[in-house]
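J.: There's a structure below that I have some questions on.
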Amino acid sequence: MKRLLLLLLLIFAAVALSPMLIDEKGYILIAMGDLTLESTVVTASIMLMLTFMALLITLKVFRGSLNFSFATWNKIAFAGRRRALRNLNKGIAAYVLGDYQQSEHLLAKSAEASSLEHIAYLVAADAAQKQALKPNTEHYLALLEKSTDTLKEAGLEAILIKIKLLIGQQNYQLAREVIDQHHKHIGHDARLLSLEIDLSLIEQRFDYVVKQLNSAKKQKAITSETIAKWQKVAFYGAFNNQIKQHDNNALMQYWQQLAKKVKQDEVVVLAYCQVLAENNINEPLAKVLLPVVKKGADSKLLKSIRSLPITQANELVAAAQKHLHNDPHNALWLSLVAHFAVFSQQWPLAEKAFNSLVNLEGSPYDKIDLLAFALVLEQQSEYEKANQVLRKIHT
């Protein structure tokens, strides 16, 4: 607006000054070959000013129309992408809210147009897996193979989701390939290390997992419960492999070579004893368990011994009875004497210990005790009493 007023002011000034300059016209002569242009200075100045004004007005109009054209084109050209991004946002929100069917639909629909194919297909695949739609999950994973999956472009989180999905689909070979591609990150990321251990256990690479457990224990993000779960499977598998691939002596040598701290770990001890008991390797089993029972300090480990498939336990019975002699109403030692007697098929002794246990105040027995007590009564043809004991489990 200011510019327009300035131009009008210049025009009026020119008009006002023109009569004053008419007496001193002055001439301009322009010759180009046979063409000659002749004009007064005043006329040429006015024409030049009008031409300049016309040029400014034209540029103003053209620039406005140009801006309008670009805005319109941008709105039309990117309408599909904006719609896809809206669907992507809605799909992620539906996933968070647990509406996996709607989430899968929206994410699959928006994947290509949103330019975020990788994350869209990953979440859609996980949503399909949560609906137990295996063909859909496999379809999205196949589409993922066509999109970029490099760490730099997709991010480690996307790689982790992909590995987890592949393991969930039991596509262990492809999951292994993806992990191996990013193997150098295992020592730096607890999540990738966890997936590596989970997959290695599935692949029955037990010795490898035993070595990886040292790294896992240093990761604060990995809980002790998870470590214990891995230990149980890994050491049980490693111990079993020694017998299957070699013999009993190889198993015992493998055990002796373990670090002292490892051999004192409750989970590892139980895994070793489980393998010894299952294979009726009784003498080495007694050497491990007798010190534990005689010491009597680790109540959690002592309770776990009750579930081992032991077939000879005379020495264990005697060791437990010594503790019970000093404390006749101790629930733990009554339970252990009873179970060790069951292992040795000393049914009357087992029944006596169980009777004393169930009559203690506060019901200090559990399901394992009641099931074993019922077995003892059945072995002695006391079926009605056995049924009464079993009914206690459900009360």
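Taking the numbering used here, the leading residue of the sequence shown gets 205, the next gets one more, and so forth. For each residue, glycine too, the CB sits at the ideal point set by N, CA and C. Because the structure is a prediction, the values reported are computed rather than measured.
Is it right to say residue 476 is buried, meaning 16 or more other beta carbons lie within 10 angstroms of its own, or is it exposed?
T.: To locate residue 476, count along the sequence shown from 1; it is residue 272. So residue 476 counts as buried.
J.: As a quick exercise: from 372, 396, 405, pick the residue whose alpha carbon is nearest that of residue 359.
T.: Numbered from 1 along the sequence shown, position 155 holds the residue referred to as residue 359. Closest option to residue 359, Cα to Cα, is 396.
J.: Excluding five sequence neighbours on each side, which residues of the same chain lie with their C-beta closer than 7 Å to the C-beta of residue 364?
T.: As a working mapping, residue 364 is identified with position 160 in the sequence shown. So the qualifying residues of the chain are 395, 396, 399.
J.: Under 8 Å by Cβ, that's how I've got residue 327 and residue 296 pegged, so tell me the actual separation to the nearest angstrom.
T.: Taking the first residue of the sequence shown as position 1, residue 327 is located at position 123. Taking the first residue of the sequence shown as position 1, residue 296 is located at position 92. Right, their Cβ atoms sit about 7 Å apart.
J.: If you draw a straight line from the C-alpha of residue 440 to the C-alpha of residue 406, how long is it?
T.: Against the sequence shown, residue 440 aligns to sequence position 236. Against the sequence shown, residue 406 aligns to sequence position 202. Using only the alpha carbons, I get a separation of about 13 Å.
J.: Note down the Cα distance separating residue 494 from residue 596, rounded to an integer number of angstroms.
T.: Residue mapping note: residue 494 aligns to position 290 of the sequence shown, counting from 1. Residue mapping note: residue 596 aligns to position 392 of the sequence shown, counting from 1. If you take the alpha carbons of residue 494 and residue 596, they lie about 32 Å apart.
J.: Just to confirm before moving on: does the CB-CB distance between residue 492 and residue 506 stay below 9 Å?
T.: Working through the sequence shown from its first residue, we reach residue 492 at position 288. Working through the sequence shown from its first residue, we reach residue 506 at position 302. In this structure, residue 506 does not lie closer than 9 Å to residue 492 by Cβ.
J.: Since residue 555 contacts residue 581 with CB under 8 Å, what's their CB separation in whole angstroms?
T.: If you number the sequence shown from 1, residue 555 lands on position 351. If you number the sequence shown from 1, residue 581 lands on position 377. Sure, about 7 Å apart at Cβ, within 8 Å.
J.: Does DSSP classify residue 306 as helix, strand or coil?
T.: Translated into positions along the sequence shown, residue 306 becomes position 102. Residue 306 falls in the helix class under three-state DSSP.
J.: So, with DSSP's three-state summary, where would you put residue 409?
T.: Along the sequence shown, one-based indexing puts residue 409 at 205. Looking at residue 409 - three-state DSSP - the assignment turns out to be coil, as it is neither helix nor strand.
J.: In this structure, does DSSP put residue 569 in helix, strand or coil?
T.: Translated into positions along the sequence shown, residue 569 becomes position 365. Coil.
J.: Nearest-angstrom Cα distance between residue 369 and residue 329?
T.: Locating residue 369 in the sequence shown gives position 165, where the first residue counts as 1. Locating residue 329 in the sequence shown gives position 125, where the first residue counts as 1. Residue 369 and residue 329: Cα-Cα distance of roughly 8 Å.
J.: Can you name, in chain order, every residue of its own chain whose Cβ lies under 6 Å from the Cβ of residue 587, other than the five neighbours on each side?
T.: Here residue 587 corresponds to residue number 383 of the sequence shown, with the count starting at 1. Taken in chain order, the list of residues that qualify is empty.
J.: Pull up the distance between the alpha-carbon of residue 450 and that of residue 377, whole angstroms please.
T.: As a position in the sequence shown, residue 450 is number 246, starting the count at 1. As a position in the sequence shown, residue 377 is number 173, starting the count at 1. Their backbone Cα atoms lie some 28 Å apart in a straight line.
J.: Could one say the Cβ of residue 426 lies closer than 9 Å to chain B's Cβ atoms, at least one of them?
T.: Although the question refers to chain B, the structure presented lacks it and comprises just one protein chain.
J.: Can you tell me whether residue 563 is buried or exposed? The criterion is at least 16 other CB atoms within 10 Å of its CB, across all chains shown.
T.: What you label residue 563 is simply residue 359 of the sequence shown in a count that begins at 1. Residue 563 should be labelled exposed.
J.: On the criterion of 16 or more Cβ atoms from any shown chain inside 10 Å, does residue 418 qualify as buried, or is it exposed?
T.: Counting from 1 along the sequence shown, the entry for residue 418 is found at position 214. Counting Cβ neighbours within 10 Å, residue 418 comes out exposed, since fewer than 16 surround it.
J.: Going by beta carbon distance, what residues of the same chain come within less than 8 Å of residue 373, once the five residues before and after it are set aside?
T.: For the purposes of this step, residue 373 is taken as residue 169 along the sequence shown, with counting starting at 1. The answer, listed in chain order, is 333, 338, 341, 342, 345.
J.: Indicate whether the contact test is met: 3 or more Cβ pairs, each with one atom in the region 544-553 and one in the region 527-536, closer than 8 Å.
T.: no
J.: Contact between the region 503-519 and the region 479-492 is defined here as three or more beta-carbon pairs at a separation below 8 Å; is this criterion met?
T.: yes
J.: Given a cut-off of 9 Å, decide if residue 542 and residue 578 are closer than it, judged by their beta-carbon atoms.
T.: Here residue 578 refers to the residue found at position 374 of the sequence shown. Here residue 542 refers to the residue found at position 338 of the sequence shown. No.
J.: Can you give me the C-alpha to C-alpha distance between residue 466 and residue 460, rounded to a whole angstrom?
T.: Counted from its first residue, the sequence shown places residue 466 at position 262. Counted from its first residue, the sequence shown places residue 460 at position 256. Roughly 10 Å separates the two Cα atoms.
J.: Alpha carbon to alpha carbon, how far is residue 304 from residue 310?
T.: Stepping through the sequence shown from its first residue, residue 304 is reached at position 100. Stepping through the sequence shown from its first residue, residue 310 is reached at position 106. Looking at the two C-alpha atoms, the distance is approximately 10 Å.
J.: To test your reading of the DSSP string, which unbroken beta strand (DSSP E) runs of 3 or more residues are found completely within the region 308-385?
T.: none
J.: Closer than 7 Å by C-beta to residue 385: which residues in its own chain qualify, once you throw out the five before and the five after it? Chain order, please.
T.: Here the question's residue 385 lines up with position 181 in the sequence shown. Once the five neighbours on either side are set aside, residue 385 has no close Cβ partner at all.
J.: Classify residue 599 as helix, strand or coil using the three-state DSSP reduction.
T.: Here residue 599 refers to the residue found at position 395 of the sequence shown. Coil at residue 599, not helix or strand.
J.: So what does DSSP say about residue 510, is it helix, strand or coil?
T.: In the sequence shown, counting from the first residue as 1, residue 510 sits at position 306. If DSSP states are grouped into helix, strand and coil, residue 510 belongs with coil.
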